[in-house]
Structure formats: C-alpha cells, structure tokens
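Counting in my numbering, the sequence shown runs from 33 upward without gaps. We treat Cβ as the ideally placed atom computed from N, Cα and C, and that holds for glycine. First up is the structure itself, then whatever we jot down about it.
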Amino acid sequence: DAEVALVGRSNVGKSTLMRELTGHDKFDTGGKPGVTREPNHYDWAPEDFVITDLPGFGFMSGVHEEYREEIKTNIVRYLEAYAEHILVAILVLDGKSAVDIIDRHSGPDEIPYDVEMYHFLQDLGIPTVVAVNKMDKVDDRDERLDDICDRLGLYPPWQQWQDVVAPITAKNGQIDPLNEAVRTHLHEEGRDD
Ligand code: GDP
C-alpha cells in the first residue's frame with residue numbers, strides 16, 4: 033500500500049498530529065514517552081494511503097541509551113526496507129526547541145538526530161516534509177523557520193521551501209501547510225489518480 037511515514041523525536045507532538053491527520057482518537061498523547069515501539073499503521077481517510085507512525089527517537093527520560101539506539105536502528109531499518117513504498121515522509125520537529133537541540137548536538141564528531149534523519153530520508157530518495165510543530169509557542173516565526181532551513185542545509189528564506197517546511201500547530205488543528213506540502217509531493221510522484 034502507498035504509505036506516508038511519520039518520524040520525529042519523542043514529545044514533538046507526533047501523536048497529536050496523527051490524531052489530526054486521521055481523525056482517530058486513540059493515540060497516546062502526553063503519555064509515557066517511548067510507548068510507541070513498533071510502527072503503527074492507520075488509514076488516512078481523505079487520501080487513499082496508510083499513514084505509519086514510527087516510534088519517537090532521541091532522548092526520553094527514564095529510557096536507557098542502548099534502548100534509544102535500538103529504537104533508532106529499527107526506524108532506520110524500517111525506512112530502508114520500505115523506502116520504495118513510502119510516498120512521503122513527514123519529519124516532525126518541535127518548533128520551540130528544535131534549533132536549540134540541533135545546535136547543542138552539532139560538532140565535529142556529532143550530527144544531530146533531526147538533521148541526520150532528514151539527510152537519511154533524502155539519501156533514500158523519500159520526498160520529505162518537515163512539519164515544524166508547536167508554532168503557537170514561537171514568537172519570531174520567520175526567523176525560527178529560517179534557522180531551521182539553515183540547519184537542514186536549505187538556503188533561507190523559508191518561504192522558498194514551502195513544499196518542504198510546514199509550520200503547524202497540531203494541538204489546535206492548524207495543519208493546512210502540512211497537508212498542502214504533502215499533496216505537492218504526492219502530485220509530483222504522479223500517483224494522485
Ligand atoms: P509525541 O511524543 O511526539 O507523540 O507527542 P504528543 O503528541 O504526545 O505531544 C507531546 C506534548 O506536546 C503534549 O503535551 C501535547 O499536548 C503537546 N503538543 C502537541 N502539539 C502541540 C502544539 O501544536 N502546540 C503546543 N503548544 N503543544 C503541543
């Protein structure tokens with residue numbers, strides 16, 4: 033089945049977004065991090081796709097480093113195995129904290145998870161939309177989105193990348209930019225019949 037895959041660090045609002053996208057009400061939100069261990073598949077009603085929620089990666093309090101690595105390895109394996117079927121990947125970031133976290137983990141020997149994941153998806157040839165969530169908590173909107181573009185290697189201003197960078201507030205159901213960006217890629221793929 034044609035598939036849209038949702039990836040992101042733990043606590044960025046992936047479950048909240050899933051609920052908005054699918055209309056289902058059964059996602060763990062604000063619950064125990066790391067609860068989603070296996071990829072979960074849901075029908076995405078308005079489109080004829082399956083949407084796959086991959087486990088949240090990165091730091092989770094009370095979760096061992098080894099287990100964290102295992103989760104990440106499983107995500108990577110899943111994406112590699114299903115790259116051909118995945119029409120679009122949605123990489124969810126927390127707009128409030130993403131730039132700080134990325135900068136904290138940037139160094140000569142360190143690539144931040146989010147940046148690594150973005151490039152990995154590019155390498156796999158999976159069209160990727162970066163959903164910048166929690167925009168309700170961001171004051172300097174344009175500056176923040178430019179910074180995110182910069183960190184991902186996309187030349188600012190962000191407005192040039194509206195098919196890649198989608199500012200959203202999942203909590204309030206404000207996800208139009210994401211729907212539009214995703215649709216752009218579906219149409220590019222030429223599978224929107
Ligand atoms: P997940 O771990 O990525 O699945 O994240 P959740 O969906 O469980 O959300 C984590 C926390 O972020 C919860 O407290 C949500 O209410 C909150 N959250 C999700 N989306 C938004 C948003 O758009 N704005 C704000 N301010 N909070 C959000």
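(message) Helix, strand or coil for PRO87? Go by DSSP, reduced to three states.
(response) coil
(request) Along the beta strand (DSSP E) that carries ILE118, what are the first and last residues, could you check? (result) 118-126
(message) Using a Cβ-Cβ cutoff of less than 6 Å, which residues in the same chain neighbour ALA198 once the five nearest sequence positions on both sides are dropped?
(response) VAL161, ALA163, PRO209, LEU210, ALA213
(request) Report yes if the C-beta distance between ASP126 and VAL44 is below 7 Å; otherwise report no. (result) yes
(message) Counting C-beta neighbours from all protein chains within 10 Å, is the total for GLY63 16 or more, i.e. buried, or is it exposed?
(response) Confidence is the limiting factor: at GLY63 the pLDDT is only 48, short of 50, which leaves the residue's position unreliable and the question unanswerable from this model.
(request) Evaluate the contact criterion for the region 88-104 versus the region 174-188: three or more CB pairs, one atom per stretch, below 8 Å. (result) no
(message) On a Cα-Cα basis, can you pick out the residue from HIS217, GLU148, ASP168, LEU156 that is closest to GLN206?
(response) ASP168
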